[in-house]
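Working notes, structure below.
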Amino acid sequence: MTKQNTAVEGDTLIADAPDESNAPAGPASREELLRFVDRYGDLIDDRIAEIVDEAVDVAIATRAARRRRLSWLRLCMVVAALCGVSVLLREAPYAVAATWPAVAAICARGSGS
Numbered sequence: 101m102t103k104q105n106t107a108v109e110g111d112t113l114i115a116d117a118p119d120e121s122n123a124p125a126g127p128a129s130r131e132e133l134l135r136f137v138d139r140y141g142d143l144i145d146d147r148i149a150e151i152v153d154e155a156v157d158v159a160i161a162t163r164a165a166r167r168r169r170l171s172w173l174r175l176c177m178v179v180a181a182l183c184g185v186s187v188l189l190r191e192a193p194y195a196v197a198a199t200w201p202a203v204a205a206i207c208a209r210g211s212g213s
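Residue numbers (this note's numbering): 101 to 213.
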């Protein structure tokens with residue numbers, strides 16, 4: 101197994117760059133890992149934080165859109181059911197008059213939470 105020699109200049113990756121160590125390719129030593137973490141740890145943390153923030157923003161936006169869509173759907177279903185109840189109670193106008201404000205109060209209480 102041979103080690104591929106690469107180097108980074110600015111933002112460009114250069115292949116076949118001169119090898120800085122003569123160590124064979126294989127598992128990194130603890131010191132090499134610590135140097136890597138010291139050098140790139142903050143960059144990795146920042147990038148992971150950006151990815152998590154983006155994922156959370158997308159999830160919140162999706163949930164808010166779904167909630168808005170469901171609340172309109174719920175409102176339409178409640179109004180349709182209330183109209184059906186009004187038709188069934190058309191012989192008792194006081195019952196219809198009491199049903200509409202009661203349902204409005206229930207809807208207002210439910211949307212507040």
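For glycine and all other residues, C-beta sits at the position ideal for the given N, C-alpha and C.
Could you check which residue in L175, Y140, R190, I148 has the C-alpha nearest to that of A205? Here residue 205 refers to the residue found at position 105 of the sequence shown. Answer by Cα proximity: L175.
For V178 and T162, I'd like the C-alpha separation in whole angstroms. Here the question's residue 178 lines up with position 78 in the sequence shown. Here the question's residue 162 lines up with position 62 in the sequence shown. Their Cα atoms are separated by approximately 24 Å.
Should L188 be flagged as near chain E, meaning a C-beta pair shorter than 7 Å? Among the chains of the structure shown, chain E does not appear; only one protein chain is present.
Do the region 182 to 201 and the region 148 to 157 meet, that is, are 3 or more Cβ pairs less than 8 Å apart? no
Measure the C-alpha to C-alpha separation of A208 and R166 and round it to an integer number of angstroms. Residue mapping note: residue 208 aligns to position 108 of the sequence shown, counting from 1. Residue mapping note: residue 166 aligns to position 66 of the sequence shown, counting from 1. About 19 Å.
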